[in-house]
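Protein chains in written order, with this note's numbering: chain A, 1 to 160; chain B, 1 to 160.
2 protein chains.
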Amino acid sequence: MRMSEGVEWAVHSCLILAWVEDRGPVPTARLASRYDLPAPYLNKQLQALGRAGIVTSIPGPKGGFRLARRPERITMMDIVAAIEGPDEAFRCTEIRQRGSAGDITMRALRRPCSVASAMRTAELAWRRALAAQTLADVMTETERQLPEAGDRVRRWFDRS
Amino acid sequence: MRMSEGVEWAVHSCLILAWVEDRGPVPTARLASRYDLPAPYLNKQLQALGRAGIVTSIPGPKGGFRLARRPERITMMDIVAAIEGPDEAFRCTEIRQRGSAGDITMRALRRPCSVASAMRTAELAWRRALAAQTLADVMTETERQLPEAGDRVRRWFDRS
DNA sequence: GTTAGCGTACTCGGATACCGGTTGTCCGAGTGGCAAAGG
DNA sequence: CCTTTGCCACTCGGACAACCGGTATCCGAGTACGCTAAC
């Protein structure tokens, strides 16, 4: 089980956009050059964020991306779901119904598979933990370690 | 992000082995035919369980697999870790150090990346939730829905 | 001097190839059981 | 009848291909800016 690398890119990009705030939209090429990432592929991730309503895109010159809402209203869960998709990691294929085990009483099939339930419980805990952390929380934590982080980003955005 | 299908197979196989208990080892072919799974690939998963110390293998005729310890001592986390490997889903590649963002103060790099920390927190919640559920718990829940589940497995094992 | 029109350059957006990993398969090493032969 | 010995069939174990989703890339549609020229 492996999370897409695009998630890391997306979160860091959102951090940049959050710190830049209202200074104007940031184009993909700018974000890509900052972290030395392939611009077209990063653009793909940003499009996914756009479809999820996390960022808004402005076309044309002086265009780019900006956050669609305040960092306090964007959770880690939102970003992960936008990139990874809505499907959950464990997908029950109902093997209990297949093969020679398929002749079990039908009424048990009304109830969800116990194995799937156990996995779902764990995954729900994961989702809750992600949803409990907002982009603003990550910003605060980063600035606690490096107080000038926001200023650095804004200076980087202003020059050039 | 998608969990390997082998996890579902492994859990269901462990359930069979738990219900069979001391009646003797169950060969891969028997397990595979029960759920209509490709036997060689299921064998691969069982080998992984063996390396993790969850099941023990007995070679030769009348051989097969059996649980290495009681179901109360086997957690869902053990099985998932055995199949999926020890690596965590989110892998921080430290993009904050790359590109034009690489010129930040070194002391911030002593501390872990805030993004990675947030992800790690969530993943830890997932792992705790998995570790809190034992194989015995899943057995109990299954028998609550279908009380004769254990007897069915044992009868299936005895005949043929 | 002002304004309307046009060209241009820059942006996003979706459609298109490449690659690593999971999935699926195969054959060889090892071992217990069974049967037959000998005492 | 008991013991021993050889063979065989069945098991696990690791090494070998095939398919698929994520990775990486490209080019086209659209738009705001800036320049030019006419009024």
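Glycine included, every Cβ here is placed at the ideal spot set by N, Cα and C.
On a predicted model such as this, the values are computed, not experimentally measured, just so you know.
(1) Using a C-beta cutoff of 7 Å, does residue 90 (chain A) count as contacting chain B?
(2) Does DSSP put residue 66 (chain B) in a helix, a strand or coil?
(3) Check whether the Cβ of residue 143 (chain B) lies closer than 7 Å to any Cβ atom in chain A.
(4) Cβ atoms of residue 20 (chain A) and residue 83 (chain A): under 7 Å apart, would you say?
(5) Assign residue 96 (chain B) to buried or exposed, taking buried as 16 or more other Cβ atoms, counted over all protein chains shown, within 10 Å of its Cβ.
(6) What in chain A is Cβ-close to residue 51 (chain B), meaning under 7 Å?
(7) Measuring only between beta-carbons, confirm whether residue 46 (chain B) sits less than 7 Å from chain A.
(8) Can you name the residues of chain A whose CB is closer than 8 Å to the CB of residue 96 (chain B)?
(9) Looking at residue 39 (chain B) and residue 52 (chain B), is the spacing between their C-beta atoms short of 7 Å?
(10) I'd like the ranges of any alpha helix (DSSP H) spanning at least 4 consecutive residues and lying wholly in the region 88-152 of chain B.
(11) Return the first residue and the last residue of the beta strand (DSSP E) that residue 58 (chain A) is part of.
(12) Measuring only between beta-carbons, confirm whether residue 84 (chain B) sits less than 7 Å from chain A.
(13) With C-beta atoms as the reference, is residue 10 (chain A) less than 7 Å away from residue 74 (chain A)?
(14) Along the region 14-32 of chain B, what residues have a CB closer than 7 Å to any CB found in chain A?
Well, looking at it:
(1) Looking up residue 90 (chain A) in the first sequence gives position 90. Taking Cβ atoms only, chain B reaches closer than 7 Å to residue 90 (chain A), which makes this a yes.
(2) Within the second sequence, numbered from 1, the residue matching residue 66 (chain B) stands at position 66. In the structure shown, residue 66 (chain B) sits in a strand (DSSP, three-state: E or B).
(3) Indexing the second sequence from 1 puts residue 143 (chain B) at position 143. False, the Cβ-Cβ gap to chain A never drops below 7 Å.
(4) As a working note, residue 83 (chain A) is residue 83 in the first sequence. As a working note, residue 20 (chain A) is residue 20 in the first sequence. No, Cβ-Cβ distance for residue 83 (chain A) and residue 20 (chain A) is not below 7 Å.
(5) Start at 1 with the first residue of the second sequence, and residue 96 (chain B) comes out as number 96. Under this definition residue 96 (chain B) is a buried residue.
(6) Sequence index remark: in the second sequence, residue 51 (chain B) carries index 51 (1-based). By Cβ distance, chain A contributes nothing, its closest Cβ being about 18 Å from residue 51 (chain B), past 7 Å.
(7) One-based indexing of the second sequence puts residue 46 (chain B) at position 46. Judged by the 7 Å Cβ criterion, residue 46 (chain B) is not in contact with chain A.
(8) Here residue 96 (chain B) refers to the residue found at position 96 when the second sequence is read from its first residue. Correct list: 12 and 35.
(9) Here residue 52 (chain B) refers to the residue found at position 52 of the second sequence. Here residue 39 (chain B) refers to the residue found at position 39 of the second sequence. No. Outside cutoff.
(10) 107-110, 114-131 and 135-145
(11) The sequence position of residue 58 (chain A) within the first sequence is 58, counting from 1. First-last of the beta strand (DSSP E) with residue 58 (chain A): 55-58.
(12) Translated into positions along the second sequence, residue 84 (chain B) becomes position 84. Taking Cβ atoms only, chain A reaches closer than 7 Å to residue 84 (chain B), which makes this a yes.
(13) Working through the first sequence from its first residue, we reach residue 10 (chain A) at position 10. Working through the first sequence from its first residue, we reach residue 74 (chain A) at position 74. No, these two residues do not count as a Cβ contact at 7 Å.
(14) none
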